[in-house]
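Number of protein chains: 2
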Amino acid sequence: MRIGAIEAGGTKFVCGIGDELGTIADHISFPTEHPEVTLSRAISYFKDKQVEAIGIGSFGPIDLRPESPTYGYVTTTPKAGWQNFDFLGTLRREFPVPLGWDTDVNAAALGEATWGAAKGLNSCLYYTVGTGIGIGVYLEGRLVHGLVHPEGGHVPVRRHLNDDFEGICPYHSDCLEGMAAGPALEARWKMKGHELSADHPAWEIEAHYIAQSITGAILLNSPEKVILGGGVMQQSQLFPLIRDAVRRNLNGYVNAEEIADRIDEYIVPPGLGQKAGLSGALALGIAAAQSGLNSGSRC
Amino acid sequence: MRIGAIEAGGTKFVCGIGDELGTIADHISFPTEHPEVTLSRAISYFKDKQVEAIGIGSFGPIDLRPESPTYGYVTTTPKAGWQNFDFLGTLRREFPVPLGWDTDVNAAALGEATWGAAKGLNSCLYYTVGTGIGIGVYLEGRLVHGLVHPEGGHVPVRRHLNDDFEGICPYHSDCLEGMAAGPALEARWKMKGHELSADHPAWEIEAHYIAQSITGAILLNSPEKVILGGGVMQQSQLFPLIRDAVRRNLNGYVNAEEIADRIDEYIVPPGLGQKAGLSGALALGIAAAQSGLNSGSRC
């Protein structure tokens, strides 16, 4: 198989070609500009590649409801030019092949479940903690969509006792994203996350928020693996802090060895590393090719 | 079809007989005592009923992992006699028919998705707010199990500004259940919930906690319907308070007409009323009969 993959982030696009084994033979990356400019570059890349299908994991919010007149659109994003942009339709006009379409974090969750840290499992959550926070949700062997699609980055969180930062989410002020995304770290400490030392108190506070949302997500969804990716999670000192806080929060209530005895293997970085997003888009493309849909498909 | 159904609650058991249309022809109810006493009564009830299958929605925690040696057991409950009790095995020895087995709230979610308020939808959450709080999770047409099973009643919640009640959860003190289950209401106000007037400030505080957990659950799982059952939700003044708080919390972020324009039809009481639990167990029994498993089945 020769499958196209697009990791469509709000900051950069990655386009690549891969196969059903998850091998990515080639890829390019370019900044996300106005959609006409950006999609033209993506289309040029795939033009002579003879792909059988293309999978797209996109920043959002996006329309995932096949019966909706705006299915395949990016919807209410504040990103200039992308509001109500027909992403899938633009590709469909150029490439009459099956197209897989989902959120960037759902794609990454599927990639991790197919070839990465959750391989062989029926469920995982994939967090990206970076410019924003997103949570991909894969349960009972399926990506979760529902009413719109998961937007777990905006869940309410309890404030850390030593934190009076007001939060920066324009919708909710002090939701998870408002308190713990990269820009929140920078606004709170007046320097970028990667400039803070590994033993700075920032990380204990950061871990508090991420761990609290993981605690809630474990209780509500009982995932078999929790995968933490994105730029902020490059700060590897966060992992032990988060694991300890999750275990402390649950306080023995969820009776599973995976949490009680092996939490180091339960809350983990992406098995696919920086390729989780592109691999996930590839997995969406493979699923679309297998289901044979030519108007975008859901996994 | 002639299917048995057991709604196995921590306070009472309901056993019934129904068919594939969801009609319940007969049922009995008795208090939950020691498991030997209680299961004997259930077994006597079904003994001469010639059921093709039995579905069981049980209080928990329970073991839902088919590959586990304690599959079908009630596990770490504090309820006397029920710890590590082989519920499914006890029934299997008496009734060599397919057995469906899930949590009480997952059963109720399936019942509501099959015949009730979420009929025709691919997803819903079913809350019971009573002696405890449980959340059944039905997404992408399937009940969610994962590592153990959802235990959403114990999610962390932000404290209401006018509430200094310490919470009564033995594991987490002030989690959702610790702050908002029936016994928490009673401990906070020194009288039972049904003795508080409909305009008592208790209800605004109660709605705050329930709405906050619904807000988080909508953001993480994007369900197509949220169904609120259980004794505390008999206080119908809670519904408008909860809907208003959810809409205020989301603040327009989840861009769905169901929430923006029709939240009265989105956050609703059980369509099956008090029969949600028993109907759900019936739906589990039907699924077991259809899949033909005789060792308990998962829907």
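Residue numbers (my numbering), protein chains in the order written: chain A, 1 to 299; chain B, 1001 to 1299. Just so you know, even glycine gets a beta-carbon here, dropped at the ideal spot from N, CA and C. Quantities reported herein were computed from a predicted structural model and do not represent experimental measurements.
Residue closest to residue i, alpha-carbon to alpha-carbon, out of the options
i: A:I17; options: A:G285, A:Q290 and A:G292; result: A:G285
i: B:H1034; options: B:Y1045, B:G1022 and B:T1011; result: B:T1011
i: A:R243; options: A:V226, A:V232, A:G231 and A:Q234; result: A:V226
i: A:G134; options: A:S173, A:A245 and A:A180; result: A:A180
i: B:G1178; options: B:W1203, B:P1150, B:Y1209 and B:M1001; result: B:Y1209
i: B:R1002; options: B:E1020, B:V1014 and B:F1013; result: B:E1020
i: B:E1112; options: B:A1289, B:G1292 and B:A1283; result: B:A1283
i: B:I1028; options: B:A1118, B:L1278 and B:D1104; result: B:L1278
i: B:L1088; options: B:E1036, B:H1194, B:L1139 and B:A1025; result: B:E1036
i: B:P1170; options: B:I1056, B:P1078, B:L1039 and B:S1058; result: B:P1078
i: A:I56; options: A:A245, A:M191 and A:A42; result: A:A42
i: A:P66; options: A:E140, A:D48, A:L99 and A:Q50; result: A:L99
i: A:L147; options: B:A1260, B:C1015 and B:D1026; result: B:A1260
i: A:R247; options: A:M191, A:L121, A:G216 and A:L139; result: A:G216
Cross-chain neighbours of residue i in chain A, by beta carbon under 9 Å
i: B:A1053; result: Those do not exist, as B:A1053 stays about 21 Å from chain A at its closest Cβ, beyond 9 Å.
i: B:I1301; result: No statement about residue 1301 of chain B is possible, as the shown extent of chain B runs from 1001 to 1299 and does not include it.
Contacts that residue i makes with chain A (C-beta to C-beta distance below 7 Å)
i: B:S1068; result: Those within 7 Å of B:S1068 in chain A number zero; the least Cβ separation is about 11 Å.
i: B:A1217; result: L220
Range of the contiguous beta strand (DSSP E) that encloses residue i
i: B:K1047; result: Here B:K1047 belongs to no beta strand (DSSP E); instead the alpha helix (DSSP H) covers P1035 to K1047.
i: B:A1260; result: Not the beta strand (DSSP E): B:A1260 falls in the alpha helix (DSSP H), residues E1257 to A1260.
i: A:I6; result: I3 to A8
i: B:G1055; result: A1053 to S1058
i: B:K1012; result: K1012 to G1018
i: B:V1226; result: V1226 to G1229
i: B:L1272; result: Counting along the chain, B:L1272 falls outside any beta strand (DSSP E), and DSSP gives it neither H nor E.
i: A:A25; result: I24 to P31
i: A:L139; result: I133 to L139
Residue interval of the alpha helix (DSSP H) (run including residue i)
i: B:L1219; result: A1202 to N1221
i: B:V1108; result: What sits at residue 1108 of chain B in the sequence shown is Ala, not Val. Start and end: D1104 to W1115.
i: A:T128; result: Segment C124 to V129 is the beta strand (DSSP E) holding A:T128; no alpha helix (DSSP H) there.
i: B:F1165; result: Careful: B:F1165 lies outside any alpha helix (DSSP H) and carries neither H nor E.
i: B:D1244; result: L1238 to L1250
i: B:S1291; result: A1276 to S1291
i: A:F87; result: F87 to E94
i: A:G182; result: G182 to W189
Assumed close pair residue i, residue j - CB separation to whole angstroms, cut-off 8 Å
i: B:R1158; j: A:R92; result: Actually they do not touch by this definition, with Cβ atoms about 44 Å apart.
i: A:L176; j: A:H154; result: 7 Å
i: B:G1060; j: B:W1101; result: Their Cβ separation, rounded to whole angstroms, is 11 Å, which puts B:G1060 and B:W1101 out of contact at 8 Å.
i: B:N1106; j: B:H1172; result: Not a contact, Cβ separation roughly 22 Å.
i: A:D86; j: A:A8; result: Going by Cβ atoms, the distance from A:D86 to A:A8 rounds to 13 Å, so no, they are not a contact pair.
i: B:F1095; j: B:F1046; result: 6 Å
i: A:A53; j: A:A289; result: 4 Å
Residues that residue i contacts on chain B, provided the C-beta gap is smaller than 7 Å
i: A:Y209; result: Those do not exist, as A:Y209 stays about 11 Å from chain B at its closest Cβ, beyond 7 Å.
i: A:S58; result: Residues of chain B passing the Cβ test: none, with the nearest at roughly 15 Å.
Chain A residues whose Cβ lies nearer than 8 Å to that of residue i
i: B:H1145; result: E140 and S222
i: B:Y1253; result: E151, H154, Y171 and H172
i: B:Q1212; result: P156
i: B:T1131; result: Residues of chain A passing the Cβ test: none, with the nearest at roughly 17 Å.
Where residue i meets chain B, residues with beta-carbon distance less than 8 Å
i: A:A256; result: L1147 and V1148
i: A:P61; result: N1255
i: A:N249; result: P1156 and H1172
i: A:T75; result: N1255
Contacts of residue i in chain B (Cβ-Cβ under 9 Å)
i: A:S123; result: V1144, H1145, G1146 and L1147
i: A:T300; result: Outside the shown range of chain A, which is 1 to 299, sits residue 300 of chain A, and nothing can be said about it.
Given 8 Å as the limit, is there contact between the segment 1153-1166 of chain B and the segment 1259-1278 of chain B, that is, 3 or more CB pairs closer than that?
The way I'd put it, the segment 1153-1166 of chain B doesn't touch the segment 1259-1278 of chain B; fewer than three beta-carbon pairs between them come closer than 8 Å.
So, does the segment 1124-1137 of chain B touch the segment 233-241 of chain A, judging by three or more C-beta pairs under 8 Å?
No, the segment 1124-1137 of chain B does not touch the segment 233-241 of chain A.
Between the segment 246-255 of chain A and the segment 1185-1202 of chain B, are three or more C-beta pairs nearer than 8 Å?
Not touching, per the Cβ criterion.
May I ask you to verify whether the segment 111-126 of chain A touches the segment 65-82 of chain A, counting CB pairs closer than 8 Å and requiring at least 3?
No, the segment 111-126 of chain A does not touch the segment 65-82 of chain A.
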